[in-house]
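Residue numbers (this note's numbering): 5 to 693.
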């Protein structure tokens with residue numbers, strides 16, 4: 005027997021591994037509608053149906069997120085088909101053998117007909133009608149409506165969620181793998197709620213089918229019993245009605261359980277929460293609610309004629325729970341008194357008391373402290389770690405850690421970012437709200453507190469977190485306060501990357517280079533150039549938004565140019581030529597054509613003459629006119645969806661790059677020899693004065 009059981013289990017596991025379990029199950033269910041089943045098999049299948057319904061309901065209750073039960077629509081379809089197949093099989097047995105007595109359709113139907121409704125077919129009919137009304141009019145109808153609304157809102161919010169993921173990816177909050185996983189979750193969520201919208205129709209159709217099958221069985225049973233078997237009308241009515249009601253109850257109770265499972269699943273929150281803990285905390289976790297309930301129950305309990313003992317007992321229970329909860333909350337809020345330190349002799353000052361300034365610092369107001377405290381659910385620390393990781397990979401050197409401290413001098417929701425101890429930028433966020441950004445096209449307005457995105461200066465609204473899905477449905481890009489701060493910091497790090505790289509970082513880069521190209525690193529520093537010049541060249545590149553991650557190419561270009569010049573600007577220009585393909589690639593991607601702006605010949609001649617005469621400063625009037633012309637041309641290029649690139653002779657590039665770096669941040673200044681041969685140049689305009 006043990007061997008037979010083991011072989012059966014092995015075969016079942018083989019069927020599961022081969023992926024044929026679902027087709028076999030479907031064929032068995034369809035076969036039940038055609039092949040007559042014995043009463044014993046019907047008892048087994050009805051019991052299995054009830055068991056499956058209970059298991060599915062419990063699985064729905066204990067699941068943390070609706071998406072963790074993504075197979076629920078398919079399971080619901082199979083269980084509904086199984087129940088309908090059992091209805092057909094039991095109908096066949098009831099109509100063919102019902103005249104033999106209540107036992108003819110099996111023990112389960114007989115038990116529901118005799119024990120559950122006491123053998124009274126009118127009572128059974130009323131009980132069945134009530135269960136059907138509860139299932140069809142209340143549970144199923146409500147679950148169907150919730151499924152429709154959830155599916156509509158999830159599908160409408162899909163573009164906004166995708167844009168929010170892209171914004172987090174660009175800000176460095178998410179890695180590419182995490183962004184891909186988030187996109188898959190959003191797509192699976194849309195598919196799940198869309199499937200649930202259709203699956204709820206199965207439950208509704210099953211309830212209607214149960215009502216129709218009941219009347220068909222009663223009418224058909226009376227006709228068969230009186231005409232074919234010669235039973236009196238009263239006896240036929242009682243016999244077939246009891247069997248039909250028992251059959252209907254056997255099918256209706258699992259249907260009700262599944263309807264409740266559907267309703268519970270579609271009304272769950274999308275975040276990972278345990279339903280029992282959530283309901284207990286939100287319903288029975290507030291002492292004031294239980295105290296007021298105890299008072300009301302106590303008033304009802306002292307009214308004459310009422311069941312005083314019951315109401316007073318419940319009032320005492322609610323009051324006791326309220327007292328225990330209030331005591332527990334009070335004990336949690338009471339902090340132990342601080343221990344008094346013994347008076348000690350003041351220590352002498354030393355160099356240890358001179359604390360160095362943090363390279364990167366973030367000061368926050370007191371309302372933002374929960375954002376940086378992981379114990380209180382703060383996500384900002386994790387976001388900043390993601391920003392550092394992404395920027396380290398992009399820029400090519402290790403971005404220093406961000407030291408966070410509270411500052412009571414700041415506004416409650418304010419923050420300040422410092423660089424080497426000097427304030428660099430400030431911002432204001434609302435930690436309990438989300439920021440809704442208008443990407444350029446929205447389909448309605450939403451209420452909120454007006455504000456600006458501190459990173460890019462875009463107009464924005466601070467909205468309630470509950471309105472997030474609605475805002476995304478309208479086309480807004482919605483991010484939380486932690487993402488706003490992380491994005492602001494990421495933008496500032498990119499703009500001031502040159503100030504974050506010093507001699508120590510340059511030496512670390514040389515150490516990394518020595519692992520892959522030891523001879524090159526040995527010959528470069530200090531034989532060809534000192535460490536200070538090497539660091540200055542890297543700072544020059546970072547200041548012009550050129551990453552230094554391609555360190556081997558940079559070192560080879562420096563080794564070739566170092567014998568001719570030791571000036572960091574000249575060396576950086578030589579490195580830019582070697583990195584030309586990388587620089588142009590980051591400007592316009594894989595496009596074969598590069599649209600550029602050039603200098604008008606008269607302006608170019610004036611600037612060349614100024615350089616030949618040893619002047620590095622442009623005459624103020626000329627500088628103002630030239631700046632206005634360059635800014636207008638760059639604005640037109642960006643408005644047309646093309647990058648703003650100014651192509652100039654190699655000697656003029658450092659001067660013009662320094663001239664436009666702060667005032668026209670979107671402009672890229674390239675030298676002629678920095679454009680690779682594989683790119684075609686298209687002149688989009690000329691800058692005059």
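Backbone N, C-alpha and C define an ideal beta-carbon position, used for all residues, glycine too. Values in this document were obtained by computation on a predicted structure and should not be read as measured data.
Distance CB(residue i)-CB(residue j) smaller than 9 Å
i	j	result
residue 485	residue 375	yes
residue 489	residue 366	yes
residue 509	residue 575	no
residue 673	residue 686	no
residue 638	residue 650	yes
residue 400	residue 496	no
residue 115	residue 250	yes
residue 209	residue 77	no
residue 566	residue 517	no
residue 157	residue 481	no
residue 302	residue 315	yes
residue 585	residue 680	yes
Anticipated Cβ contact below 8 Å, residue i with residue j, distance rounded
i	j	result
residue 592	residue 598	6 Å
residue 465	residue 429	Not confirmed; about 21 Å, so no contact.
residue 262	residue 83	6 Å
residue 217	residue 53	That pair is no contact at about 15 Å.
residue 244	residue 226	6 Å
residue 406	residue 372	Not quite, the Cβ-Cβ distance comes to about 14 Å (not below 8 Å), so this is no contact.
residue 614	residue 622	7 Å
residue 498	residue 179	About 17 Å separates the two Cβ atoms, so there is no contact after all.
residue 443	residue 479	7 Å
residue 198	residue 159	7 Å
Buried/exposed call for residue i, threshold 16 Cβ in 10 Å
i	result
residue 28	exposed
residue 188	exposed
residue 2	No answer is possible for residue 2: the residues shown for the chain start at 5 and end at 693.
residue 312	exposed
residue 437	buried
residue 100	exposed
residue 415	exposed
residue 361	exposed
residue 206	buried
residue 474	buried
residue 507	exposed
Coil, strand or helix - residue i by DSSP
i	result
residue 697	This structure cannot speak to residue 697, because the chain is shown only from 5 to 693.
residue 74	coil
residue 67	coil
residue 483	strand
residue 521	coil
residue 229	helix
residue 679	coil
residue 147	helix
residue 290	coil
residue 438	strand
residue 40	coil
residue 346	Any reading at residue 346 must be qualified, since the residue scores a pLDDT of 48, below 50, and its modelled position is unreliable; no value is offered.
residue 410	strand
residue 404	coil
residue 506	coil
residue 690	strand
residue 665	coil
residue 308	coil
residue 124	coil
Between the CA atoms of residue j and residue i - distance to the nearest angstrom
i	j	result
residue 162	residue 354	60 Å
residue 544	residue 573	7 Å
residue 463	residue 568	51 Å
residue 624	residue 660	14 Å
residue 55	residue 254	12 Å
residue 580	residue 678	7 Å
residue 292	residue 325	10 Å
residue 688	residue 600	6 Å
residue 370	residue 167	31 Å
residue 144	residue 75	19 Å
residue 318	residue 132	33 Å
residue 345	residue 352	Note on residue 345: pLDDT 47, under 50, position unreliable in the model; no value is reported.
residue 290	residue 320	16 Å
residue 359	residue 335	39 Å
residue 308	residue 147	42 Å
residue 449	residue 470	16 Å
residue 343	residue 433	Model confidence at residue 343 stands at a pLDDT of 49, short of 50, so the residue's coordinates are unreliable; what they give is reported in the following sentence. Spanning the two alpha carbons is a distance of roughly 36 Å.
Neighbour flag for residue i against chain C, beta carbons, 9 Å
i	result
residue 128	As a matter of chain content, chain C is missing from the structure shown, which is built from one protein chain.
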